[in-house]
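Position 126 of the sequence shown, counted from 1, bears residue number 144 in the working numbering, the numbering being contiguous throughout.
C-beta: ideal position from N, C-alpha, C; glycine also.
Worksheet for the structure shown next.
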Amino acid sequence: MSTVPLDIGQVASRKEIMKALPRGLVGAEVGVWRGTFSQVILKYCCPKILYLFDNWFEGTDKGTYAYDEPIKCLHAVRGMMVRNRRAIIAGVLRPLCGLSPAVSALLPDEHLDFVYIDASHDYESHKADLAAWVPKVRPGGLIACHDYNMEGCSEAFWNRQAWGVGRAVREYCAEHGIEELRHTEDLVQTGYFVKPMEA
């Protein structure tokens, strides 16, 4: 685990976040579904270990990922495992099934260099995810939260509940004195910040 702050500056996209990180870090992706972005993290970040946390069978984003259709959930898990089988066999990818934020208890505090959160997108769920996952990141580590700018979308968009990622992230940063909150410049933004060294 590195002790250097992961201040990557302003980047254009979530892929660029992964490109800007040093190689050989320990990270976690929370909200994996089919593992599409897991492959991006593997390719550009080359982590030593990447934990993949998803429930795959239940969630608050009903209708979006077919949690109410078990066969689709099984196909999603199988597809993720097949696409990433080499990294799983090598011990680089470590998929774990369970609901966030409860699964965060599987890791010790300050174990991760970075966490990428793309789980439930409503305000209360994301607020709970931040409270659970930020302690798992070392001081100077990076926290990235996808779908940061989606609050203006209607509840009908992708059949989701009201979006609240951006609000939860901004509130968390304000409450913890984090002044350097950035977001990517792409259509669906990722908000990100560095955990203070004196946290």
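| query | When the Cα of D25 is compared with those of L205, L117, Q207 and I196, which residue comes out closest? | reply | I196
| So, are the CB atoms of Y134 and E47 less than 8 Å apart? | yes
| query | How is D131 classed by DSSP in three states: helix, strand or coil? | reply | strand
| query | For the candidate residues D204, E203 and C163, whose alpha-carbon lies nearest to that of R185? | reply | C163
| Nearest CA to the CA of G182: which residue from D140, Y210 and E34? | D140
| message | Does the contact criterion of 3 or more C-beta pairs under 8 Å hold for the segment 148-161 versus the segment 104-113? | response | no
| From which residue to which residue does the alpha helix (DSSP H) around L148 run? | Where L148 is concerned, the enclosing alpha helix (DSSP H) stretches over Y141 to W151.
| query | Taking the alpha carbon of G42 as the point to measure from, which residue in C63, Q28 and A120 has its own alpha carbon closest? | reply | C63
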